[in-house]
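Since the structure comes first, as structure tokens, the remarks are kept for the end.
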Amino acid sequence: MTPRMPPNVGAALPTLERTITLTDMVAYAGATWDWYRLHFDPEFAAAARVPGPVVDGQVFGALFVELLQDALGPRCFVHELSFTFRNLMFAGETVRCEATVVEVGADRVRVELSATILASEYGPQRPAASPAHATVLLGAADGPAAR
Numbered sequence: 001m002t003p004r005m006p007p008n009v010g011a012a013l014p015t016l017e018r019t020i021t022l023t024d025m026v027a028y029a030g031a032t033w034d035w036y037r038l039h040f041d042p043e044f045a046a047a048a049r050v051p052g053p054v055v056d057g058q059v060f061g062a063l064f065v066e067l068l069q070d071a072l073g074p075r076c077f078v079h080e081l082s083f084t085f086r087n088l089m090f091a092g093e094t095v096r097c098e099a100t101v102v103e104v105g106a107d108r109v110r111v112e113l114s115a116t117i118l119a120s121e122y123g124p125q126r127p128a129a130s131p132a133h134a135t136v137l138l139g140a141a142d143g144p145a146a147r
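At position 90 of the sequence shown (counting the first as 1) the number is 90 in the UniProt record's numbering, and the numbers step up by one without a gap.
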């Protein structure tokens, strides 16, 4: 398989939008063994005085990696990923993840990312994770820069 050509600086990668359902949240809890009830139990969330079960923050990292691998190809490797949480996201809300290329090297790209929660019954549009950035190695799953 030939690696994809790296994008140019300033290029926007394809946007990823995802609605996170309560079923998704229970599946994620099972996959990660993170059974903190705030992430899947409406009664527990109500007792904690939040409007509903809260999406686990690491879901944003998973979505960022999905966006990057979809855009840059299956042989890329996310070498570095960093983001800061800004707002809670609740079951049933939709998040939009976006990425812009800010640096291109021979074997890697650096991107700025954002995750925005779209307006819903829980409130207006708001940032979920920002600032966020990633360095992605291109070419092979073990990272060509590791050579």
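We put the beta carbon where it would ideally sit given N, CA and C, even for glycine. The structure presented is a predicted model; accordingly, all values stated were derived computationally and were not measured.
For chain C, is any of its Cβ atoms less than 8 Å away from the one on residue i?
i, result
"Thr32", "Judged by its chain identifiers, the structure shown contains no chain C, having just a single protein chain."
Please report the Cβ distance between residue i and residue j, rounded to the nearest whole angstrom; I am assuming they are in contact, meaning their Cβ atoms lie under 8 Å.
i, j, result
"Arg96", "Val136", "In fact, because the Cβ distance is near 20 Å, the residues do not count as touching under 8 Å."
"Ala31", "Phe40", "In fact, because the Cβ distance is near 12 Å, the residues do not count as touching under 8 Å."
"Pro6", "Val104", "5 Å"
"Thr84", "Ala129", "7 Å"
On the DSSP letters alone, give me the boundaries of the beta strand (DSSP E) that residue i sits inside.
i, result
"Phe83", "77-85"
For the alpha helix (DSSP H) that contains residue i, what are its first and last residues?
i, result
"Ala29", "22-32"
"Val102", "Looking at the DSSP string, Val102 is not in any alpha helix (DSSP H); the run it does join, the beta strand (DSSP E), is 94-104."
"Ala62", "58-72"
In three-state terms, what does DSSP make of residue i?
i, result
"Arg49", "coil"
"Gly123", "strand"
"Phe90", "strand"
For residue i, which beta-bridge partners are listed by DSSP?
i, result
"His133", "Ser82, Glu112"
"Arg18", "Val95"
"Ala12", "Thr100"
"Val55", "Val55 pairs with nothing; no bridge assigned."
contact_flag[the stretch 80-99, the stretch 119-133] where n(CB pairs < 8 Å) is 3 or more: Yes, since at least three Cβ pairs between the stretch 80-99 and the stretch 119-133 fall closer than 8 Å, the two stretches touch.
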